[in-house]
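Asker: Quick one: the structure is below, and I'll ask about it shortly.
The structure is reproduced here in structure tokens:
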């Protein structure tokens, strides 16, 4: 199909009675002045009104409105994907889809040369050679400033510059918060579902999958050898500092993609379309659903067909249906 | 939005490779899904609304006026307005001029003629709503809107209705001003069904390596080596055929073979696109009727 032009879908007037807990901006929530007013509300003449469209949340005496939509507001510990927009004095400005750009200090990144290295003036001068405008990275929110903007850090081997994949943006409120936001998916593809709705789908690095493996095999090997020889060497079985040093060499700031086969690229774009299908159907996104959407999409055959809106919709419906059938919905 | 080096090389290598893989898994000759409706502005002769899934929206209106003129080239006036851009910005002026020229060059003036002295003058006003928010610090340009705009003007012109002419047309030398019926029920189409004429459609084709892609997305624009816009009308390639800057990054020259590939692509997709647009024309507009 070369082009699909469809008429705008008619808005369906739903017959369902909407619960009273959904409010629109300017709507009176209560005229009882004893409530404490939280986010998304304002107070006028002893009456509390909603300032956003959303659902009312009451915790004890605190009344707030949780908006349906809106920009992402960072919280400490969130795993994000961001894009560098500015290189400044000892810091980078990072677009995270929030109200403010986040800050990434030069001191909160891993510099080439390992952890024992101190940052020097020459590092300040060559900040652009680490990260420059447009670069994508994944990071964690370290702390929040009083105005709600975030300070990030990438001081872990799982954070850093992103390569070998494509960027997908979905609404931040669709990402379901979880313990872990980077997942290895079937098809030798990995995904980072940033809490801010920025996602990165990329080829699983062979090192990453074998690293998990080798860490465990190391340990068992260490246990075996220690039990066998009775000797224990310090650092055995844990991630050695030397590996950290190896991995935090200049490679972590490389711009070069690995060799990617047509197959991998096809799988990546299939996952991209699956993410967009879930987003189009307003379904909360987590690893399980993404994998299900992927499995369903395989049934449609060629990746190319997933461009169609009706196919995306039916993928979303099937994901929900499967969850209902399995009783996990 | 500026892409990172790794993203750029990923997209570039996919596009320029042997079988033109696009990251959104479209084929090289496939458009992004569009939504369209027409005849929804009550005080215009013809109107249309075309929008993409990512929210870029193009509203076009056509108004007609009776003028006494001999100068046929001035009978079509096009103005493009883009939200957030000054109306004398280079982008707005270029798009207006390009569309105006392509319409003027490929128009059937017979349908605008009332008598030898009186003609309809057509005003085509295009409004682009909701331009991507990060447009200002990005390395793509919005010249790719050209294809959306031309589809909008195609639909608006095709849905344009004019009041029924009641004065005589037998004596075309006559001085008398033309007069029209009051009843809008009797209105006639600007482009009668019997007419072969189709307003020109302008397509934006991206060139990358020796490959060509239709309707490049904003991500793709940033890695393209060049872009050309190609006009299509009634099964033929018509002017304009010119290169458009799709990104602020310097392009690369392209050879005649690639250009021939691009015109071939437009020739191939022109027919299905016209059909899809014509299907929209026959649909009833009911989007707001069910709400109010």
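Protein chains in written order, with the UniProt record's numbering: chain A, 1 to 329; chain B, 1 to 292.
Just so it is clear, CB atoms sit at the ideal spot from N, CA and C, and this is done for glycine as well.
All values derive from a computational prediction rather than experimental measurement.
Do you know whose CA, among 164/A, 288/A, 102/A, lies nearest residue 252/A's CA?
Answerer: If we check each option's Cα against that of residue 252/A, 164/A comes out closest.
Asker: How would you call residue 126/A, buried or exposed, if buried means at least 16 neighbouring beta carbons within 10 angstroms?
Answerer: So residue 126/A ends up on the exposed side.
Asker: So what does residue 51/B bridge to, in DSSP terms?
Answerer: DSSP lists 35/B, 57/B as partners of residue 51/B.
Asker: Classify residue 120/B as helix, strand or coil using the three-state DSSP reduction.
Answerer: Reduced to three states, the DSSP call for residue 120/B is strand.
Asker: Any beta carbon of chain A sitting closer than 7 Å to that of residue 228/B?
Answerer: Taking Cβ atoms only, chain A never reaches closer than 7 Å to residue 228/B, which makes this a no.
Asker: Output the residue ranges of the alpha helix (DSSP H) runs that lie fully inside the stretch 117-171 of chain A and measure 4 residues or longer, sorted by chain position.
Answerer: List check, alpha helix (DSSP H) in window: 121-125, 127-130.
Asker: Look up residue 86/A in the DSSP assignment and give the residues it is bridged to.
Answerer: According to DSSP, residue 86/A bridges with 93/A.
Asker: Between residue 86/A and chain B, is any beta-carbon pair separated by less than 7 Å?
Answerer: So, not an interface residue.
Asker: Name the residue from 326/A, 271/A, 108/A whose alpha carbon lies nearest to the alpha carbon of residue 315/A.
Answerer: Of the listed residues, the one whose Cα sits closest to residue 315/A is 271/A.
Asker: Among the residues of its own chain, which have a CB less than 6 Å from the CB of residue 151/A, if the five just before and after it don't count?
Answerer: Result list for residue 151/A: 103, 142, 143, in chain order.
Asker: What residue from 111/A, 119/A, 120/A, 98/A has the CA that sits closest to residue 330/A's CA?
Answerer: Any question about residue 330/A goes unanswered here, given that chain A covers just 1 to 329.
Asker: Going by CA-CA distance only, name the one from 209/B, 248/B, 83/B that's closest to residue 257/B.
Answerer: Comparing Cα positions, the closest option is 209/B.
Asker: Does residue 3/A come out as helix, strand or coil in the three-state DSSP assignment?
Answerer: DSSP places residue 3/A in coil when its eight states are reduced to three.
Asker: Is there at least one Cβ from chain B nearer than 7 Å to residue 303/A's Cβ?
Answerer: So yes, residue 303/A belongs to the interface.
Asker: Mind listing the chain A neighbours of residue 211/B? Cutoff is C-beta to C-beta under 9 Å, in chain order.
Answerer: Going along chain A, no residue has its Cβ under 9 Å from residue 211/B, so there is no contact; the nearest lies around 14 Å.
Asker: Per DSSP, residue 46/B is paired with what?
Answerer: The partner list for residue 46/B (beta bridge, DSSP) reads 62/B.
Asker: Please list the terminal residues of the continuous alpha helix (DSSP H) segment that includes residue 257/A.
Answerer: No alpha helix (DSSP H) holds residue 257/A; DSSP gives it neither H nor E.
Asker: Just verifying my parser: in three-state terms, what is the DSSP assignment at residue 272/B?
Answerer: Here residue 272/B sits in helix by DSSP.
Asker: Going along the UniProt domain "Exoribonuclease phosphorolytic" (30-163) of chain B in order, which residues come within less than 9 Å of chain A, judged by CB to CB distance?
Answerer: The residues in question are 30, 31, 32, 33, 34, 35, 36, 37, 49, 50, 51, 53, 134, 137, 139, 151.
Asker: Taking the CB atoms as reference points, tell me whether residue 201/A and residue 170/A lie closer together than 7 Å.
Answerer: Cβ atoms of residue 201/A and residue 170/A: not closer than 7 Å.
Asker: Around the Cβ of residue 333/B, are there at least 16 other Cβ atoms within 10 angstroms (buried) or fewer (exposed)?
Answerer: Here chain B comprises residues numbered 1 to 292, so residue 333/B is not present and cannot be evaluated.
Asker: Whole angstroms is fine: what's the gap from residue 233/A's alpha carbon to residue 198/A's?
Answerer: Here the model assigns residue 233/A a pLDDT of 48, short of 50, so the residue's position is not dependable and the matter cannot be decided.
Asker: What residues in its chain sit with their C-beta under 8 Å from that of residue 73/B, if we drop five residues either side in the sequence?
Answerer: If we look at residue 73/B and ignore the five residues flanking it on each side, its Cβ neighbours are 104.
Asker: Between residue 276/A and the rest of its own chain, which residues show a CB-CB distance below 8 Å, the 5 nearest in sequence each way excluded?
Answerer: Cβ within range, chain order: 168, 170, 312.
Asker: Can you tell me where the beta strand (DSSP E) holding residue 79/B begins and where it ends?
Answerer: Per DSSP, residue 79/B belongs to the beta strand (DSSP E) from 76-82.
Asker: Along chain B, in chain order, which residues have C-beta atoms closer than 9 Å to that of residue 270/A?
Answerer: Simply 25.
Asker: CB-CB under 6 Å to residue 41/B, same chain, minus the five flanking residues each way: which ones, in chain order?
Answerer: Hits under 6 Å: 47, 61.
Asker: Going straight from the alpha carbon of residue 37/A to that of residue 82/B, what length do you get?
Answerer: Approximately 41 Å between the Cα atoms of the pair.
Asker: So which residues of chain A does residue 6/B contact, with C-beta pairs closer than 9 Å?
Answerer: Near residue 6/B (Cβ distances below 9 Å), the residues of chain A are 135, 136, 161, 162, 163, 164, 165, 254, 255, 256, 257.
Asker: Give the residues from the stretch 32-55 of chain A that approach chain B closer than 8 Å (Cβ to any Cβ), ordered along the chain.
Answerer: Going along the stretch 32-55 of chain A in chain order, one finds no residue with a Cβ nearer than 8 Å to chain B.
Asker: Determine whether the Cβ of residue 233/A lies closer than 7 Å to any Cβ atom of chain B.
Answerer: Summary for residue 233/A: the model assigns pLDDT 48, below 50, so the residue's position carries little reliability; its value from the coordinates is reported in the next sentence. No - not a single Cβ of chain B is within 7 Å of the one on residue 233/A.
Asker: I'd like the list of long-range same chain contacts for residue 213/B, defined as Cβ closer than 6 Å, with 5 residues on each side in sequence excluded.
Answerer: These residues qualify, in order along the chain: 28, 206.
Asker: Would residue 263/B and residue 237/B be called neighbours here (beta carbons separated by less than 7 Å)?
Answerer: Yes, the pair counts as a contact, with Cβ atoms nearer than the cut-off.
Asker: Name the chain A residues whose beta carbon is nearer than 9 Å to that of residue 280/B?
Answerer: Neighbours of residue 280/B on chain A, chain order: 5, 6, 7.
Asker: Any idea if residue 121/A is buried or exposed, counting beta-carbon neighbours within 10 angstroms, 16 or more meaning buried?
Answerer: The residue in question, residue 121/A, is exposed, as its Cβ has fewer than 16 Cβ neighbours within 10 Å.
Asker: For a cutoff of 7 Å on Cβ pairs, would you count residue 189/A as touching chain B?
Answerer: It does not: the Cβ of residue 189/A has no partner Cβ on chain B nearer than 7 Å.
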